[in-house]
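Numbering (the working numbering), first residue to last: -11 to 139.
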């Protein structure tokens, strides 16, 4: 009976520790969101990175970090982050938004062919996304213009 009671207490302590850790990362993301809403993107980035140090697989924290990097015009880093979230997120909505944001990051870098592929991935997951449809067509036009200038 003592052995069972000890195991029960150990499991309870582990469960509480896991709950606290989960709350910490969410609290850090909320703090980052406050900074983001105030357009203080560097502070938001710091809080999102802290959240990810608690849980590297926290898709919401990673996605929001990508947004903060994008707003700081660090499009290459933002694109890497959105690509990772697009590949690993569990929810299709998050994946679709990640591919869309990756497309936007690539557009800012004038990587039109790659942005087209990202928008297509977003639309496969969410065919009704009007913004992705518009941006896909815009990227196609920019690619065509770019190719004509190179000739």
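Built from N, CA and C at the ideal position, the CB exists for glycine as well. Predicted model, so just to flag it, every value in this text is computed and none were measured.
- In the structure shown, the three-state DSSP call for residue 43 is coil.
- Across the structure, residue 80 and residue 73 are spaced so that their CA atoms are roughly 11 Å apart.
- Assigned with DSSP and collapsed to three states, residue 60 falls in coil, not helix or strand.
- Closest by C-alpha distance to residue 33, out of 42, 44, 43 and 21, is 21.
- For residue 105, the enclosing alpha helix (DSSP H) has its first and last residue at 100 to 113.
- Check the Cα spacing between residue 100 and each of 15, 38, 132 and 29: the tightest is with 132.
- In the structure shown, residue 127 falls within a helical segment according to DSSP collapsed to helix, strand and coil.
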